[in-house]
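Student: 450 is the number of the first residue of the sequence shown in this note's numbering; add one for each residue after it.
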Amino acid sequence: MEMANRPRICVISKSFGQYCKEALEILKSFSEVEIKSVKEQKEIIDVVKEFDGIIVGNEKINKEIINNAVRLKIIARHGVGIDNIDIDAATERGIVVTYTPQANSDSVAEYTIALILNIMRMIPKLHNITVNGGWNRILGYELMGKTVGIIGFGGIGKRVAKKLGGFDVKILVYDPYVKEEDIKKFGATPAQLDELLKTSDIITLHVALTSETKHLITRDKLKLMKNTAYLINTSRGAVVDEKALYEALKERWIAGAALDVFEEEPINPRNPLLTLENVIVTPHNANFTLEALRRTDLMNAEDLRRFFNGQKPTYIANPQVYSK
450 MEMANRPRIC VISKSFGQYC KEALEILKSF SEVEIKSVKE QKEIIDVVKE FDGIIVGNEK
510 INKEIINNAV RLKIIARHGV GIDNIDIDAA TERGIVVTYT PQANSDSVAE YTIALILNIM
570 RMIPKLHNIT VNGGWNRILG YELMGKTVGI IGFGGIGKRV AKKLGGFDVK ILVYDPYVKE
630 EDIKKFGATP AQLDELLKTS DIITLHVALT SETKHLITRD KLKLMKNTAY LINTSRGAVV
690 DEKALYEALK ERWIAGAALD VFEEEPINPR NPLLTLENVI VTPHNANFTL EALRRTDLMN
750 AEDLRRFFNG QKPTYIANPQ VYSK
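(1) Just tell me which of ILE475, GLU471, LYS463 and TYR468 has its CA closest to the CA of ARG754.
(2) Less than 8 Å between the beta carbons of GLY530 and ALA697, yes or no?
(3) Whose C-alpha, out of LYS672, ARG685, GLY615 and LEU521, is nearest the C-alpha of THR659?
(4) Whole angstroms are fine: how far does the CA of ALA610 sit from the CA of ARG457?
(5) Given a threshold of 16 other Cβ atoms within 10 Å of its Cβ, counted over all protein chains shown, does HIS576 qualify as buried or as exposed?
(6) Below 7 Å CB to CB, which residues in the same chain sit around ASP752 once its five sequence neighbours on both sides are set aside?
(7) Closest to THR596 by C-alpha separation, out of LYS692, LEU621, GLU630 and LYS773, would be which residue?
(8) Beta-carbon within less than 7 Å of PHE602's beta-carbon, same chain only, minus the 5 sequence neighbours each way: which residues are those?
(9) Return no unless some Cβ of chain D is closer than 8 Å to the Cβ of LYS634.
(10) Taking buried to mean at least 16 other C-beta atoms within 10 Å of its own C-beta, is ASN736 buried or exposed?
(11) Quick check on DSSP: helix, strand or coil for THR540?
(12) Could you tell me the alpha carbon to alpha carbon distance between PHE756 and PRO768, rounded to whole angstroms?
(13) Return the CA-CA distance between GLN551 and ALA766, expressed in angstroms with no decimal places.
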C-alpha cells in the first residue's frame, strides 16, 4: 500500500500489543497506528472519528459511536465475545467487525478447572486464614466421582470436558445447537437443561451472551440445583440473575459459586455477593494469559492487514456485511 494511502488505526484496547510487539509491528507495516487511553465511554465518540479502523477490548461500541465514526471501515474486537459491539449498526453502515474466536479457549478452560477445585476445597479462604496466623482446616470435597454439568459446548466447553477427562467425573452437556454425537465424542452425555441442573454437582457456564442466554440461570433454575452443588461462571455475568444468585447463596440453596464475570464490570464494591463466604470472585481474569493475549493480538493484526490489503478477513463476526 502506498504511503499516501496508509490507513489510520486506533488501538483502544488496553492490552493489545502489551505482550506481543510483533502484532504492533504488523500494524505499523501498513498503517499509521495511534494508541489511545479512553477512561470514559463518552470519550470514544470523539476518539474514533478520524480513524479507518479501531481495535477495542471490552469498551462498548454502540450505535451512536458507530454513526459518528464517519471514516470507520473496520472494528477489530480484541477478544472472543462481541456483545459489547452493536453488530447490526455496524453492518448497516457497511463496517466489518472481526474478532478472535478460540484464541483464549484453553486459558479459560484451565481457569474453569482451577475455580472448580478452589471452590470445592475453599483454597482462597484457607490461604487468608493461614497468612493471618490461623491454622483452621476446612472440610472439602473431592472432584473425583462427581457429575459436572457443562452449559454451552463451543470451543471452551469442549476443552473443559477434555481437561476433566483425568478427574474420573461424569460429564453432562446442555447445548441445543450441538449434535448429540459430537457431545458423546468427548465422553459426555447430552442432557436437557433442567435435568442437568437437578443432577450435577458442579455446573459451569460457557455460553455467549445473547437475548436467548441473558438470565438463563434464573431464580427458578437455581432452585432446581442440589444444595450441595457449585456454580462456576467464566462466560458473561448477565447469563446469571445476580440478585437470584445472591439469594441462593445466602439461603444455601446451593453450596457455593466461583465467578469471574459480573453483570456490572468492574464489580460494584457494594455488590452483596462480596459479603458472602461461599463465593470466590475474580476480576474477569480467565482469559488473561500471555499465550492467549499473543494469539489474540496476532489474529487482530493479521485480519486488519488482510482487510486493508483488499482481502477478506479470516474471522468476521458479521459476514452479511459483504452482501451489502
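Virtual Cβ for every residue (Gly too), placed ideally from N, Cα, C.
Tutor: Based on what the coordinates show:
(1) ILE475
(2) no
(3) ARG685
(4) 42 Å
(5) exposed
(6) ALA525, THR547, PRO762, THR763 and TYR764
(7) LEU621
(8) VAL622, ASP624, VAL627 and ILE632
(9) No chain D appears in this structure, which consists of one protein chain only.
(10) buried
(11) helix
(12) 13 Å
(13) 13 Å
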